[in-house]
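Quick mapping for you: the protein sequence lines, in order, are chains X and B. Reading the first sequence from the start, the letters are residues 838 to 1150 in this note's numbering. Reading the second sequence from the start, the letters are residues 838 to 1150 in this note's numbering.
There are 2 protein chains.
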Amino acid sequence: MAPGGPAEKAAEGKQSSKESSIHIPNPHFEKMKEDILYHFALGTGTHDFPALFGDVKFVCIGGSPLRMKAFISYVAEQLEIGSPSNDFPNICAATDRYAMYKAGPVLSVSHGIGMPSIAIMLHELIKLLHHSKCSDVIIIRLGTSGGIGLEPGSVVVTRQSVNATFKPQLEQVILGKSVFRSTHLDEKLAEELMECGKELDQFNTVVGNTMCTLDFYEGQARLDGAICSYSNEEKMKYLKAAHEAGVKNIEMESSIVAAMCHLTGIKGAVVCVTLLNRLQGDQITSSPEVLAEFESRPQKLVVYFIKKRLKKK
Amino acid sequence: MAPGGPAEKAAEGKQSSKESSIHIPNPHFEKMKEDILYHFALGTGTHDFPALFGDVKFVCIGGSPLRMKAFISYVAEQLEIGSPSNDFPNICAATDRYAMYKAGPVLSVSHGIGMPSIAIMLHELIKLLHHSKCSDVIIIRLGTSGGIGLEPGSVVVTRQSVNATFKPQLEQVILGKSVFRSTHLDEKLAEELMECGKELDQFNTVVGNTMCTLDFYEGQARLDGAICSYSNEEKMKYLKAAHEAGVKNIEMESSIVAAMCHLTGIKGAVVCVTLLNRLQGDQITSSPEVLAEFESRPQKLVVYFIKKRLKKK
């Protein structure tokens, strides 16, 4: 199937006319009497979505449930929501597939590792936002990644999410056939986040392409997995070709964020810290303390961005 | 790249000569001085792997960390290991990426959702088993799935894991090029597990093909995701074609289990319960109590199998 199938065309038409609301490019959706968001353990028949989530404007997502729990406490402290001793309950406590926390206009959700895992979460999240009648929502992924040619601890704001051949597209298999979707991200939002990194001036922040892979070991040219069939020279040639194609970092979820936000008219962004420089090695050898400080950097940048946006209103 | 690349050929040669040990088809592996299993928060420089894991014979893996914790308590009770009040600590407590528990010869590990997530876990698990000098190890995935033409609650023992076009192969992207790997599973092990289901005689157990997809919504022909571009007729035509190709159920991890076990000389199996019949609908509407009982079925079958195997020695 060529790029620009029915879902893609419907999305483009809707986006221009009604930019701020959540578009669901699914003709069957409105016919559903009840919607069970199975992996969140939430449902329209059992939960009042507009009351619970209607004020959400910023959805921050990341792999680890514990990191997303820590993030909501940091958000609450910085936005002065609730008392410092407040505990934010896990809204999805009835399942351990994903964790979800809320503080004011900010929703913090974990997505696990890899595109299939984050895709399930995003399908159910986007339906949740639609059921809740949310508008002007931004989704930002805060993650970790392997850097290419950057000092570890650098923060990369993604300009384009590219695949393993450095193309800005995502292959989606539908009814056994491949559809190629655009992984276009909102340029202005990326610029705004980059500007926040500069103003914050606490760590190296760059804008660039992010390669999104289906595998951490062989898919990212590592030599230290249980299976490896290429030489160090072949690995370095591949990573240098990625570098030349403008790839600043490698992770495993950005293409889904880009493709699904694009199709549903949501502004999306990806902000990842690099835990190592892949031109220097494969193993993540920094101490837990150093890694924890690195992991806090996308959080700092994104909270700075949220505060700035809220002040403008 | 054609099927049967260097890793595939090396695996075949090794398997015939030394069937019971863990083969690592990676020429760089033996040169590593230290190995940090980052996503387990374990390492050869900090942990005595043979002392911790040397006696492991059965590795049981499943998506949910809570389910795998409950499983180890059930194993311990059934194999009469430790006192009933014993708590089994999470061996990977320093991270929340994966959870790992051990009781005697049984290791229970969570793998999250989807092939990229389980692949990371299996790379690190297989290296762990090799470092621990384990032999005669069996890896069994215990999971949930959507059934095709089966009453909900049926347990499917996978004969072949097939892709979205019903072929028994896995596309693995390496250095930007596609390699197609065999998803052959151990036939005798599948038969033995099927026999256990018959002897146990507590629920419907069948042997058949399992379709493994990269996506839960569009990838499995659901109409209830945030994005859908096909009609109900197209969906039903696809699911019926899968049914005719011998597909009994659909999940998101079996192909990686099959391919990686095959390449490393480990006997692998996949045992999943079906939560719904996809020819009847898309949403999982059973009560939490019914779903919990369904989810216990693969556990019952696999523990019965482990007890039977241990009695034979």
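We put the beta carbon where it would ideally sit given N, CA and C, even for glycine.
Within chain B, partners of residue i - CB distance below 7 Å
i: G949(X); result: G949, I950 and S954
i: T1122(X); result: I873
i: L1116(X); result: Chain B residues near L1116(X): none, gap ~15 Å exceeds 7 Å.
i: I963(X); result: A1063
i: L987(X); result: Chain B residues near L987(X): none, gap ~19 Å exceeds 7 Å.
i: L979(X); result: Ordered by position in chain B, no residue passes the 7 Å Cβ test against L979(X), which lies about 15 Å from the chain.
C-beta contact flag for residue i and residue j at 8 Å
i: E961(X); j: H876(X); result: yes
i: G1034(B); j: L1138(B); result: yes
i: P1005(B); j: S998(B); result: yes
i: T881(X); j: E867(X); result: no
i: L1012(B); j: E1071(X); result: yes
i: E901(X); j: T1111(X); result: According to the sequence provided, residue 901(X) is Ser. The question's Glu does not apply to it. Going by C-beta atoms, S901(X) is not nearer than 8 Å to T1111(X).
i: A1082(B); j: T1050(B); result: no
i: E971(X); j: I859(X); result: According to the sequence displayed, residue 971(X) carries Cys and not Glu. It is a contact, given that the beta carbons lie within the stated cut-off.
i: I985(X); j: R1115(X); result: yes
i: I898(X); j: I976(X); result: yes
i: K964(X); j: I861(X); result: yes
i: I1153(X); j: Q1120(B); result: Because residue 1153(X) is not part of the residues shown, which for chain X are 838 to 1150, the question remains open.
i: L1026(B); j: Q1136(B); result: no
i: V993(B); j: V912(B); result: no
i: L1100(B); j: I1064(X); result: yes
i: S947(B); j: A940(B); result: no
i: M1097(X); j: D1061(B); result: no
i: T1020(X); j: A1078(X); result: no
i: M952(X); j: M1048(X); result: no
Continuous alpha helix (DSSP H) stretch holding residue i: start and end
i: K1074(B); result: N1069 to E1081
i: P887(B); result: F886 to F890
Limits of the beta strand (DSSP E) - the one that residue i falls within
i: Y938(B); result: M937 to A940
i: V992(B); result: V992 to V999
Per-residue contacts from residue i into chain X (C-beta, under 8 Å)
i: G1102(B); result: Within chain X, no residue comes near G1102(B); the closest Cβ sits about 11 Å away, beyond 8 Å.
i: M1097(B); result: A1063 and I1064
i: L1138(B); result: Near L1138(B) there are no residues of chain X at all, since even the closest Cβ is about 22 Å away, more than 8 Å.
Proximal residues of chain B, C-beta to C-beta of residue i below 8 Å
i: M1089(X); result: P953
i: L903(X); result: D933
i: Y1054(X); result: A956, I957 and H960
i: Y1067(X); result: I1011 and L1012
i: H865(X); result: L1060, D1061, C1065 and N1069
i: L1022(X); result: Those within 8 Å of L1022(X) in chain B number zero; the least Cβ separation is about 17 Å.
Beta-carbon neighbours of residue i, restricted to chain X and to distances below 7 Å
i: G1013(B); result: A1001, T1002 and Y1075
i: M869(B); result: D1061
i: I861(B); result: A1063
i: A1058(B); result: L1012
Residue i in three-state terms, based on DSSP
i: I1011(X); result: strand
i: K1145(X); result: helix
i: V1139(X); result: helix
i: F1017(X); result: strand
i: A848(X); result: For A848(X), the predicted structure reports a pLDDT of 48, less than 50, and the residue's modelled location is therefore unreliable. A value from the coordinates is still provided. Helix, per DSSP.
i: S1092(B); result: helix
i: V896(B); result: strand
i: G880(B); result: strand
i: S854(B); result: In this prediction, S854(B) has a pLDDT of 41, which is less than 50 and means its spatial position is unreliable; nothing more can be read from the coordinates.
i: G984(B); result: strand
i: L874(B); result: strand
i: K868(B); result: helix
i: F1131(X); result: helix
i: F1003(B); result: coil
Residue i CB to nearest heavy atom of the ligand ZN below 7 Å
i: A878(B); result: Questions concerning the ligand ZN fall outside what the structure shown contains, since it holds no ligand whatsoever.
Amino acids of chain B, ordered along the chain, whose beta-carbon sits closer than 9 Å to that of residue i
i: H884(X); result: Going along chain B, no residue has its Cβ under 9 Å from H884(X), so there is no contact; the nearest lies around 15 Å.
i: L1030(X); result: Going along chain B, no residue has its Cβ under 9 Å from L1030(X), so there is no contact; the nearest lies around 24 Å.
Item to check | Ordered list of beta strand (DSSP E) runs contained in the segment 1094-1122 of chain X, each at least 3 residues | outcome: Taken in chain order, the complete beta strand (DSSP E) segments of 3 residues or longer contained in the segment 1094-1122 of chain X are 1104-1114.
Checklist entry - Can you list, in chain order, the stretches of the beta strand (DSSP E) that have 3 or more residues and sit fully within the segment 943-981 of chain B? => result 943-947
Next on the checklist: Ignoring anything shorter than 3 residues, give me the beta strand (DSSP E) runs that lie fully in the segment 1021-1050 of chain X, in order along the chain.
Outcome noted: 1042-1049
Checklist entry - Whole alpha helix (DSSP H) runs in the segment 898-922 of chain X with 4 or more residues, listed along the chain? => result If we require 4 residues or more, the alpha helix (DSSP H) runs fully inside the segment 898-922 of chain X come out as 902-916.
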